[in-house]
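Chains as they are written, first to last, in the numbering used here: chain S, 1 to 652; chain E, 653 to 772.
Here is the structure:
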């Protein structure tokens with residue numbers, strides 16, 4: 001019988017034995033006994049063979065172990081009897097197994113199966129044949145702890161002599177788990193490596209660059225390939241080389257130092273490096289983390305600049321701002337606040353919110369109430385101040401989560417707007433009042449005419465008065481509209497063209513003379529002076545009509561009104577003055593200053609209507625055309641009004 | 653015969669008041685300025701002054717206060733007849749011591765009635 005035949009037969013028996021085991025599915029120790037039984041033929045096949053059946057264990061102390069389940073006899077010096085378990089392993093084998101463990105397999109412990117509480121419950125094995133020899137056994141075990149039979153057992157073929165057998169149960173799941181853990185760990189480390197904002201270099205002995213992360217490439221401006229294998233010293237400024245060399249040769253385990261480095265373009269990098277010595281097994285000597293502190297300083301500078309900008313904005317803001325911290329102490333105020341309230345910085349430093357409010361109220365008229373600043377609505381309220389000067393402020397406050405600014409109070413100066421509003425209201429009231437007087441005449445006389453029987457002469461006179469008053473209302477309404485238009489869009493209501501000043505004057509004087517028979521208006525136009533003016537002719541006529549009417553109205557019937565043209569190269573260059581001089585009642589300096597304001601009436605000359613708007617309209621119309629109104633007067637000595645209008649070129 | 657002083661700077665209004673009061677059997681005198689009013693009142697205190705607020709030299713409130721401050725003239729009834737028709741104007745008239753406050757434009761019939769009441 002050849003050796004191969006013997007092996008074949010032994011194999012057959014093994015397979016049969018395993019089949020029997022599977023059938024019987026003997027539990028625990030029984031299996032071992034059965035298994036031992038089929039080891040015998042192997043023993044017969046191999047002269048000094050060894051069959052080792054082992055199982056991976058979780059020893060529970062973190063270190064995996066291998067428990068020897070069964071083995072053939074191993075001694076050369078005696079007949080091999082397959083025992084239920086091998087008590088000892090030959091020295092060489094143990095050494096071999098250790099070597100195996102070092103090569104990546106977990107450690108093996110030589111545990112006795114007799115003490116084992118758990119043993120495989122089933123086996124399935126196939127012999128591994130190399131050439132003419134069975135060199136191992138591939139087996140699958142079903143584990144008592146409910147492991148799935150995915151348990152793939154690897155064989156570690158050990159050729160001891162020529163036909164020694166060794167079967168190792170290796171639970172691959174542990175290895176897979178370990179591999180998974182290592183992969184995860186590696187991925188995490190990779191993420192940290194790639195994501196670090198610090199430039200990381202792994203340096204070999206002598207400072208050769210073994211590995212770099214993306215931040216290192218960004219810092220140096222070099223690609224990974226350009227950096228690998230280079231000396232790290234190449235990235236450091238020459239004069240710093242000795243320091244670096246000392247550090248790499250005999251630095252402590254971890255060292256932090258500032259170094260001037262340079263990037264690919266030669267730009268200096270103000271760097272802080274942290275050098276950590278690595279374990280020899282890591283394959284590199286140092287891990288070098290580099291941080292560009294210039295950038296960090298740049299951020300700080302940027303932040304400071306930003307803060308300064310904000311500070312300037314708040315300082316320049318016309319809105320007064322006061323912030324109070326968590327303890328309701330003033331933590332911030334801007335110049336506008338101090339200006340609006342007339343306070344000093346020193347006065348308010350650390351001021352409590354309560355004091356702030358009290359001081360604010362002290363400057364307001366008696367009886368002023370402030371809304372609670374702790375009302376998160378932040379509603380705007382008008383706050384009138386009497387001290388240090390009269391002012392109208394809009395006060396609002398907010399509750400915030402901003403550190404150091406739990407309550408923010410805003411004060412906005414609306415004194416001017418309030419004044420404009422007041423003037424508007426006054427204007428409307430004055431306009432209404434101005435209209436009421438002629439309306440009183442119209443309504444009153446109409447009612448009397450309707451209800452009483454007057455003498456026909458009186459009747460006629462009263463009708464005349466009603467008509468005159470109605471005209472006054474009409475004129476006033478027109479003037480109000482003109483003023484409104486002037487306020488809104490002066491340029492669109494004017495049709496400016498070049499006109500002969502004399503021709504315009506003559507038209508107005510002729511019209512007025514015919515309306516006021518018996519009155520004398522002297523128009524003094526020299527033959528040689530025929531000035532041209534750039535005006536809206538219709539508006540100029542309207543203005544002159546008004547000024548001349550005033551002159552006639554406020555001067556005695558016997559006096560004359562003089563109209564002349566003026567030039568004043570010093571005060572009014574490029575302008576022509578149309579002067580109207582009367583010998584009337586005149587005005588005081590005060591009245592003169594007031595004249596030209598809307599709804600001013602110089603004096604009641606016993607005439608029918610107020611003339612409030614007229615002069616204001618003249619002044620505003622004139623200014624809209626680029627001219628000026630010039631008035632001088634003395635009580636009892638008459639008034640001189642000059643309408644300065646722009647001089648023009650050729651008559652259109 | 654009762655005497656009424658009509659004080660307004662506008663002649664048309666003075667005429668309107670005069671015509672409105674024609675049915676009353678009263679003596680009417682006129683003034684066009686605050687100065688004239690005070691002069692006339694001191695000369696011969698009327699039974700009623702119909703006083704405009706806007707006068708060239710001083711306003712009607714001032715005239716009213718001046719009268720009230722003078723023990724000899726303080727009792728003179730004053731009707732302020734004014735185109736200043738806002739609530740604040742009415743308050744000002746009361747504060748100045750006016751007895752009646754009436755606004756322009758007015759109905760002659762109403763004026764007649766109010767004046768008759770004031771004289772009664």
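Backbone N, C-alpha and C fix where the C-beta goes; we use that ideal spot for every residue, glycine too.
Query                                                                                                                                                                                       : Result
Along chain S, in chain order, which residues have C-beta atoms closer than 7 angstroms to that of residue 664 of chain E?                                                                  : 441, 465, 469 and 608
Just to confirm before moving on: does the CB-CB distance between residue 229 of chain S and residue 208 of chain S stay below 8 angstroms?                                                 : yes
Please list, in chain order, all residues of the same chain as residue 632 of chain S whose beta carbon is under 7 angstroms from its beta carbon, the five residues on each side excluded. : 640
Measuring alpha carbon to alpha carbon, tell me which residue in S/249, S/476 and S/578 is nearest residue 203 of chain S.                                                                  : S/249
Please confirm if residue 648 of chain S has its CB atom under 8 angstroms from at least one CB of chain E.                                                                                 : no
Once the 5 residues before and after residue 351 of chain S are set aside, which same chain residues still bring their CB inside 6 angstroms of it?                                         : 330
Sort out for me which residues DSSP pairs residue 577 of chain S with in a bridge.                                                                                                          : S/566 and S/644
Return yes when the Cβ of residue 686 of chain E is within less than 8 angstroms of the Cβ of residue 715 of chain E, no when it is not.                                                    : yes
Is the beta carbon of residue 225 of chain S sitting closer than 8 angstroms to the one on residue 213 of chain S?                                                                          : no
Please tell me whether residue 698 of chain E and residue 764 of chain E are closer than 8 angstroms, where the distance is taken between their beta carbons.                               : no
Please report whether the beta-carbon of residue 735 of chain E lies at a distance below 8 angstroms from any beta-carbon of chain S.                                                       : yes
What does a CB cutoff of less than 6 angstroms around residue 199 of chain S pick up in its chain, not counting 5 residues either side in sequence?                                         : 215, 216, 219 and 290
DSSP puts residue 654 of chain E in a beta bridge; with which residues?                                                                                                                     : E/678
Does DSSP put residue 500 of chain S in a helix, a strand or coil?                                                                                                                          : strand
Straight-line CA distance for residue 615 of chain S to residue 643 of chain S?                                                                                                             : 11 angstroms
Measure from the C-beta of residue 353 of chain S to each C-beta in chain E and report whether the shortest distance is under 8 angstroms.                                                  : no
Which runs of the alpha helix (DSSP H) fall wholly inside the stretch 411-468 of chain S and span at least 4 residues, in chain order?                                                      : 415-451
Could you tell me the alpha carbon to alpha carbon distance between residue 312 of chain S and residue 280 of chain S, rounded to whole angstroms?                                          : 58 angstroms
What's the C-alpha gap between residue 481 of chain S and residue 472 of chain S?                                                                                                           : 14 angstroms
With residue 656 of chain S as the anchor, note down where its beta strand (DSSP E) starts and where it stops.                                                                              : Residue 656 of chain S cannot be examined here, being either before or after the span of chain S that is shown, 1 to 652.
Out of curiosity, what's the CA-to-CA distance linking residue 579 of chain S and residue 544 of chain S?                                                                                   : 10 angstroms
If residue 731 of chain E sits next to residue 701 of chain E, beta carbons under 8 angstroms apart, how far is it from one beta carbon to the other, in whole angstroms?                   : 7 angstroms
For the beta strand (DSSP E) that residue 520 of chain S lies in, which residues bound it at each end?                                                                                      : 520-524
Indicate whether residue 509 of chain S and residue 541 of chain S have their beta-carbon atoms separated by less than 8 angstroms.                                                         : no
Report the start-end ranges of each beta strand (DSSP E) in the stretch 325-370 of chain S that is 3 residues or longer and not cut off at the edges.                                       : 330-333
Residues of the stretch 675-689 of chain E with a CB closer than 7 angstroms to any CB of chain S: list them in chain order, please.                                                        : 684
Exposed or buried, which one is residue 292 of chain S when buried takes at least 16 other CB atoms within 10 Å?                                                                            : buried
Step through the CB atoms of chain E and report whether any lies within less than 8 angstroms of the CB of residue 411 of chain S.                                                          : no
Tell me the residue span of the alpha helix (DSSP H) that contains residue 719 of chain E.                                                                                                  : 712-721
Report yes or no: is there a C-beta of chain E within less than 8 angstroms of the C-beta of residue 426 of chain S?                                                                        : no
Kindly say whether residue 771 of chain E, judged by its beta-carbon, lies nearer than 8 angstroms to any beta-carbon of chain S.                                                           : no
For residue 504 of chain S, which residues from the same chain have a beta carbon less than 7 angstroms from its beta carbon, with the 5 sequence-adjacent residues on both sides left out? : 537, 540 and 541
Less than 8 angstroms between CB atoms is the rule here; does residue 654 of chain E satisfy it with respect to chain S?                                                                    : no
Mind checking if residue 345 of chain S is an interface residue toward chain E, Cβ cutoff 8 angstroms exclusive?                                                                            : no
Helix, strand or coil: how does DSSP classify residue 271 of chain S here?                                                                                                                  : strand
In chain order, what residues of the same chain have a beta carbon less than 6 angstroms from the beta carbon of residue 385 of chain S, not counting five sequence neighbours either side? : 363, 364 and 391
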